[in-house]
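Just so you know, we're using our numbering here: the sequence shown kicks off at 5 and counts up by one. Idealized CB from N, CA, C, for every residue including glycine. Please read the structure below before turning to the comments.
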Amino acid sequence: MKKGNFFKNYYKHLIIWAAIIGAIVIALKYGVDKKAVVFGTVTIGVFTQAFASLSALIGALPLIGPFIVKFFAIPLVWVIQASGSLVGAVAIKKGYTKEMVKSRVLTLALLIGILIGYIIGHLAPIS
5 MKKGNFFKNY YKHLIIWAAI IGAIVIALKY GVDKKAVVFG TVTIGVFTQA
55 FASLSALIGA LPLIGPFIVK FFAIPLVWVI QASGSLVGAV AIKKGYTKEM
105 VKSRVLTLAL LIGILIGYII GHLAPIS
C-alpha cells in the first residue's frame with residue numbers, strides 16, 4: 005500500500021479521531037465534568053464507529069497490530085455474563101431474590117443497549 009493510498013482510504017477515520025481528541029482536550033481545559041466528556045466520547049465513538057476504525061488502524065500495524073487488537077477484543081458479553089452470575093450467586097446466598105432479579109434485568113438492558121448501538125452504528129456508517 006502506498007503512502008497516498010493509506011490517507012486516501014482512512015482520511016475520514018483520521019479526521020474523526022482528530023476531532024474527538026481535540027474535543028476532549030478543549031473540554032478538559034475548560035473544566036467540563038469528566039463524566040460528561042467520557043459519555044460524549046463514547047456516544048460519538050459508537051455512532052461514528054470510531055472505535056472499530058481505531059482497531060482496524062491498529063490491526064494494520066505489521067506483526068504486533070493483530071496481537072494488540074486480539075488482546076483488547078475479549079468479548080464484552082462474557083464479562084457481563086460473569087458479573088451477572090457473580091451477583092446472582094451472592095444474592096442467592098444471602099437471600100436477596102429481588103436484587104437478583106434487578107441484576108438480571110440490568111444485565112439484559114445493557115446487552116440490548118449494546119445491540120442497539122451496534123445496529124445504529126451499522127445503519128449510519130462513516131464511509
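Going by CA-CA distance only, name the one from A40, K74, V91 and N13 that's closest to V109.
V91
Which word fits Q53, buried or exposed, when buried means at least 16 other C-beta atoms lie within 10 angstroms of its C-beta?
buried
Taking the straight line between their C-alpha atoms, what separation do you get for I62 and Y122?
20 Å
A27 (DSSP reduced to helix, strand or coil)
DSSP, reduced to helix, strand and coil, places A27 within a helical segment of the structure shown.
Here's the rule I'm using: 16 or more other beta-carbon atoms within 10 Å means buried, otherwise exposed. How should H126 be labelled?
exposed
Report yes or no: do three or more beta-carbon pairs, one from the region 109–118 and one from the region 32–45, lie closer than 8 Å?
Contact between the region 109–118 and the region 32–45 is not established, with fewer than three Cβ pairs separated by less than 8 Å.
How would you label S89, buried or exposed, when you count the other beta carbons within 10 angstroms and need 16 or more for buried?
exposed
Return yes when the Cβ of V73 is within less than 8 Å of the Cβ of S59, no when it is not.
yes
To the nearest angstrom, how far is it from the Cα of K38 to the Cα of I30?
12 Å
Where the alpha helix (DSSP H) through L115 begins and ends:
T101 to L127
Output the boundary residues of the alpha helix (DSSP H) element that contains A54.
A54 to G63
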